[in-house]
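The next block holds one structure in the form of structure tokens; read it before the comments.
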Amino acid sequence: IENAIIAIAITAWPPYARIARAHLVEVLREARRRTNLGQVAELSRTRFAHDLISRTDQGALGGKGRSIAFLYRSLSETSLPANSALPVNLPKSVIVTTDLYDDFLDSNDLRKFAAETLDDRQVAERFIAAPLPARLTEDLEFLIDRLEGPLAVRSSSLLEDSLHQPFAGVYSTFMIPNQDPDHGRRMEDLATAIRLLYASTFSRHARSYLNSTGHLIEEEKMAVIIQPVIGRRYGRRFYPTFSGVAQSYNFYPIGPQRPRDGIIHVALGLGRMVVDGGLALRFSPRHPRVLPQFATPKAFLDRSQRTFYALDLDAPCCRPGDDPFTNLGEYDLAVAEEDGVLSRVASVYSASDRVFREDLGLPGPRVVSFANILKHDAIPLAETLRAVLKVAEEGTGGPVEIEFACEMGEWGAPRRGERAGPELTLLQMRPFGARQLKSKLPTRRFAPGQVLCRSTRALGHGLDQTVHDLIYVRPDAWRPAANRGIAAEVDELARLARAEDRPFVLIGPGRWGTADESLGIPVRWGQIAGARVIVEASPEGYDIEPSQGTHFFQNMTALEVGYLTLPPGADAETGAEGNRLDWAWLDRQPALRETEHLRLLRFDRPLTVVLDGRKGVGVIVKPGHE
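Converting from the sequence shown to my numbering requires adding 68 to each position, the first position being numbered 1.
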């Protein structure tokens, strides 16, 4: 107020009027910014440039919207480490609230049609043909010219990212280029993306997940978040330097790592590589220089990231029936090197002396090692993420998972409207399903011949004797090239079990739920909803890291699905450290149904599943040995 009075007084002297006016405007802007800090403002034409997060109406924000609002408030009230080398921000966000979803359904008479129609494409086409509410259209017309560059249109349903059923990855995110000079085409892309998110509420995938959580489709409503995509343009490609997922709880600590230290998964480019279970680098924020999964050069060369995802600005988007990721291109690392991005996160392997060097001017295989960041501290990534996780965990009262993107920017002068240096952007947060361990389990002993499967790397806690069905991938018929076809076969047999409300055990190689079919079976969660226990058991030589750090894994832990992993090649005779799986016994059992690669077994007496979360040990006992 003092500054404002002084500025007004000075305007009495014309020579100072211009300076005083500018000073007064800046003072008022700063006052407004501080007043609104941490607040979700109503969408305003006059204040839009100054509001970081705004909402279109008075309806619900949805799960992701709530998490973004929580992060905004928490970060505004907390002092993170004062390290200017890596500022932490949130993207400018506009939340289309759930009341507009209700208006859209009711004004177009879509609610009954969508609830009764099981054909996803038919629902999508009907929704795309329906007009959006007039007040939403007016808001979008305003936004499309003020949000520059590619836009991410994210789902934010009521049940998404909740404490008990996070719905991670059930709904899609659409990325629109937003670069066409024709305002109408850009507007139509944005409107279509919102309509498709509304339609996805009624998809078969979402219905399956709702059924597995005991919710009705009538309980679900969809809000939508519109945000700029984090990154930079390189020709027709747009992507950040790297993206990732930070978790405050580590289910698979190795070496010096501890569960409460948390775990970070990072990958060059867009975050689909991480959240869909692709090859990403994993490190503990407390021990960022220790990478146990890459203990040897061969392990690093075999298991490190080989490709990356970027938004293809020239590809069409938002068409019914298309994969939501149809305009995300997958590119070789050589493309990132041409773009000048790879040098920030990669090393070169020198075969002559068997070492990695952070100099892409040298010949040799390129490896995404993040050595410049984790080893040479180019930016304080581990320290910053550890502080962010602590703030979020204290606010929610339990473990959390945060998706982020980092744009390293230019080392020299910034481009117009961009920062010169690196910036960490938090995209969304969800509670992470760390198990609440119930009372101590009584000791149980089983003879080796009674045990179907035993794992010393298991998740879950408790005793279950209600599972009579088991679906497994036949080792003799499996080949990595068949993984995509196997996903369809799993869907077929799982539907048989679900139709009779029969939970089942699911056994197969590699990572269940990965988007990279070279790493495992690329099923979506809705295809296996009903699984009570999931086992990852691979043949010798197919050494794949477990499914941690993915949307699929998040749903599995939150729904308390038992999860067991076995070392490659483990069977009833050769399992090391007590890890075993009696494949021969499975093959001898009569099958209720068989496909080219799968068998569905049904037992008169139940399998007994015992999971001890304190020790990380899980056992599945053959029927008749309760």
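C-beta atoms are modelled at their ideal positions from N, C-alpha and C, and glycine is treated no differently.
Ranked by how close their Cα comes to the Cα of A638, the residues S161, D611 and E471 have D611 in first place. Between W580 and H665 a beta carbon distance of about 14 angstroms is seen, past the 8 angstroms cut, so the two are scored as non-contacting.
In the three-state DSSP reduction, H536 falls in the strand class (E or B). F376 and R498 have their C-alpha atoms roughly 24 angstroms apart. Annotated as proximal: Q496 and S135, with beta-carbon spacing under 7 angstroms. Contact annotation, R412 with N440: C-beta distance approximately 6 angstroms; criterion of less than 8 angstroms satisfied. Note that the segment 395-407 touches the segment 302-312; at least 3 beta-carbon pairs, one per stretch, sit closer than 8 angstroms. Contact annotation: R673 and G646 have beta-carbon atoms that are not nearer than 7 angstroms. Under the Cβ criterion (8 angstroms, minimum of three pairs), the segment 462-481 counts as touching the segment 309-319. M243 and P218 do touch by the CB rule: their CB atoms are close to 6 angstroms apart, below 8 angstroms. In the structure shown, E560 falls within a helical segment according to DSSP collapsed to helix, strand and coil. As far as DSSP is concerned, T364 takes part in no beta bridge. When C-beta atoms of the segment 340-349 are compared with those of the segment 581-596, three or more pairs fall below 8 angstroms, so the two segments count as touching.
Looking at the backbone, the Cα of A383 and that of P614 are separated by about 33 angstroms. The residue from V358, K690 and L186 with its alpha-carbon nearest to that of L442 is V358. When the five nearest sequence neighbours on each side are left out, the beta carbons in the same chain lying within less than 7 angstroms of the beta carbon of A652 are those of A640, in order along the chain.
Less than 7 angstroms divides the Cβ of S415 from the Cβ of S437.
The beta carbon of A659 lies closer than 7 angstroms to those of R667, L668 and L669 in the same chain, with the five residues before and after it left out.
At a Cβ-Cβ threshold of 7 angstroms, L574 and K690 do not count as neighbours.
Taking the CA atoms as reference points, P543 sits about 16 angstroms from T633. Between the segment 174-183 and the segment 119-137, the count of C-beta pairs closer than 8 angstroms stays below three; the two stretches do not touch.
For A291, the three-state secondary structure derived from DSSP is strand. Here T493 is bridged, per DSSP, to N157 and A473. By the Cβ neighbour-count rule, D207 is buried, with 16 or more other Cβ atoms within 10 Å of its own.
Here S606 is buried. Its C-beta has 16 or more other C-beta atoms within 10 Å. The criterion of a C-beta distance shorter than 7 angstroms is not satisfied by V685 and G630.
At least 7 angstroms separates the beta-carbon of Q595 from that of D569. Remark: C-beta atoms of T241 and A220 approach each other more closely than 7 angstroms.
Looking at A549, G598, F572 and H536, the one whose alpha-carbon comes closest to that of G588 is A549.
With a 10 Å radius around the Cβ and a threshold of 16 neighbouring Cβ atoms, A363 comes out exposed.
Within the segment 427-476, complete alpha helix (DSSP H) segments of at least 4 residues are found at 439-442 and 449-464, given in chain order. R214 has its alpha-carbon roughly 19 angstroms from the corresponding atom of L381. By the criterion of a C-beta distance shorter than 7 angstroms, T524 is surrounded in its chain by E645, G646, N647, G684 and V685, once the five residues flanking it on both sides are discounted. A distance below 6 angstroms between beta-carbons, with the five flanking residues on each side excluded, links G127 to the following residues of its chain, in chain order: T165, T166 and D167. F671 has no beta-bridge partner at all, per DSSP. 7 angstroms or more divides the Cβ of A198 from the Cβ of F270.
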